[in-house]
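Numbering (the numbering used here), first residue to last: 32 to 433.
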């Protein structure tokens with residue numbers, strides 16, 4: 032038996048009406064362009080500097096000066112513009128720049144952030160909150176700490192060759208890591224993460240001033256060691272090399288000298304130059320019962336024999352194993368120096384406490400409150416296995432005719 036009910040079918044006109052209603056209603060779900068800014072109304076930020084002056088927050092911003100509308104570009108148009116403002120908060124400092132600047136800075140373009148010396152020696156809770164929560168602060172920006180100078184002095188200093196000194200710091204530290212292998216670049220996200228993670232403290236590259244031909248120039252100079260949101264000390268160049276060897280990630284690039292025991296009677300120090308191609312550290316805390324026995328550190332590295340500063344055949348098949356052992360001892364010395372300095376500062380910049388937390392949370396709960404003192408007394412068993420891969424020298428040492 033057939034039903035008398037009919038099923039309504041939408042006509043073409045009805046379909047168009049439904050689609051129109053759907054499109055109109057979707058407009059209410061769009062965020063729109065409420066924060067749209069025209070490019071001509073902006074100016075590019077190259078770097079940010081945060082510090083304290085008279086216990087008040089101060090911020091310097093280095094801007095790329097651009098030509099105005101209708102102006103021709105000249106060699107002067109790209110010189111940096113530096114604006115420094117104070118306020119009761121770092122957000123107020125940033126907003127106060129609008130009292131002098133007719134264009135809106137593109138804050139997120141700043142690839143370098145520098146922390147002033149007065150700021151880092153006090154509790155940085157206010158700054159870290161600002162950096163972590165402000166969407167305009169780029170979390171991949173490289174971080175540096177001033178040494179022996181204020182943030183204002185840093186923003187006004189120059190960097191060799193580079194037009195924008197703060198932006199040039201990124202190229203400087205990445206180049207030295209590849210060629211020298213002393214200081215490790217640190218991004219803002221990594222710094223904030225270590226401040227918020229139990230059992231690990233951050234270490235950040237430092238920059239200082241030197242004078243040349245009457246100009247104040249920037250240079251890399253050590254690493255700032257932090258504890259409880261403030262700087263407590265520094266690693267020198269030798270200790271910074273050791274800290275880099277203890278990185279949990281594979282490192283590549285670097286250069287260092289190794290002393291040769293057979294010294295000249297005149298006191299001349301014989302050295303061989305070694306190029307590091309790669310190195311990886313395996314670190315594990317050895318736990319016995321409810322105590323930490325020691326920290327086991329194993330380094331596997333390889334590199335090349337680059338140069339020697341004396342005449343004679345040093346690199347031979349018979350000497351290869353001896354050379355590798357000398358390199359092992361030199362790397363161990365660098366690592367030991369970094370550990371001794373960090374323990375003297377009671378700052379676990381290596382993250383050993385966090386390793387214990389991941390491996391044995393119950394034990395970490397017992398150690399956490401007194402971890403700085405426990406860390407300072409830990410012994411480390413270091414083994415290094417370095418392998419020579421090639422040499423940049425000729426087959427035989429150059430011989431002079433008498």
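Glycine is no exception: its CB is placed at the ideal position from the N, C-alpha and C atoms.
Under 8 Å, do residue i and residue j count as touching if we go by C-beta distance?
| i | j | result |
| --- | --- | --- |
| residue 368 | residue 270 | yes |
| residue 328 | residue 417 | no |
| residue 333 | residue 308 | yes |
| residue 233 | residue 380 | yes |
| residue 143 | residue 230 | no |
| residue 208 | residue 113 | no |
| residue 128 | residue 89 | no |
| residue 422 | residue 335 | yes |
| residue 71 | residue 95 | no |
| residue 216 | residue 202 | no |
| residue 316 | residue 374 | no |
| residue 394 | residue 321 | yes |
| residue 264 | residue 376 | yes |
Just to check my reading of the structure: residue i and residue j have Cβ atoms closer than 8 Å, yes? What is that Cβ distance to the nearest angstrom?
| i | j | result |
| --- | --- | --- |
| residue 152 | residue 76 | Between residue 76 and residue 152 the Cβ distance is about 26 Å, and since that is not below 8 Å, they are no contact. |
| residue 218 | residue 251 | Contact flag wrong, Cβ pair sits at about 16 Å. |
| residue 220 | residue 159 | Actually they do not touch by this definition, with Cβ atoms about 12 Å apart. |
| residue 115 | residue 91 | 4 Å |
| residue 372 | residue 266 | 6 Å |
To the nearest angstrom, how far is the alpha carbon of residue i from that of residue j?
| i | j | result |
| --- | --- | --- |
| residue 259 | residue 388 | 18 Å |
| residue 253 | residue 54 | 60 Å |
| residue 319 | residue 199 | 49 Å |
| residue 414 | residue 225 | 27 Å |
| residue 184 | residue 291 | 42 Å |
| residue 355 | residue 135 | 57 Å |
| residue 106 | residue 386 | Only weak support exists for where residue 106 lies, its pLDDT of 44 falling under 50; the coordinates are left without a value. |
| residue 190 | residue 406 | 38 Å |
| residue 24 | residue 286 | Since the first residue shown for the chain is 32 and the last is 433, residue 24 is missing from the structure and cannot be characterised. |
| residue 312 | residue 280 | 7 Å |
| residue 84 | residue 154 | 14 Å |
| residue 344 | residue 182 | 51 Å |
| residue 82 | residue 157 | 11 Å |
| residue 108 | residue 132 | Caution is warranted here: a pLDDT of 49 is assigned to residue 108, below 50, making its placement in the model unreliable, and the coordinate value is therefore given only provisionally. C-alpha separation (whole angstroms): 16 Å. |
| residue 179 | residue 149 | 10 Å |
| residue 239 | residue 347 | 42 Å |
| residue 314 | residue 326 | 7 Å |
| residue 397 | residue 378 | 18 Å |
| residue 359 | residue 196 | 38 Å |
Determine the burial state of residue i: buried for a count of at least 16 other Cβ atoms within 10 Å of its Cβ, exposed for fewer.
| i | result |
| --- | --- |
| residue 256 | buried |
| residue 86 | exposed |
| residue 275 | buried |
| residue 102 | Note that residue 102 scores a pLDDT of 47, beneath 50, so its modelled location is shaky; the value from the coordinates is reported in the next line. Burial call: exposed. |
| residue 104 | Model confidence at residue 104 stands at a pLDDT of 43, short of 50, so the residue's coordinates are unreliable and nothing is read from them. |
| residue 45 | exposed |
| residue 243 | exposed |
| residue 296 | exposed |
| residue 282 | buried |
| residue 366 | buried |
| residue 80 | buried |
Curious, which full-length alpha helix (DSSP H) runs of at least 4 residues does the segment 207 to 266 contain?
219 to 227
Which whole runs of the beta strand (DSSP E) in the segment 262 to 325 are 3 residues long or more, in chain order?
286 to 290, 302 to 319
Hey, which unbroken runs of the beta strand (DSSP E) at 3 residues or more fall wholly within the segment 387 to 424?
You should have 411 to 422.
Please give the ranges of any beta strand (DSSP E) in the segment 127 to 158, keeping only runs that are unbroken, at least 3 residues long and fully inside the region.
135 to 137, 143 to 146
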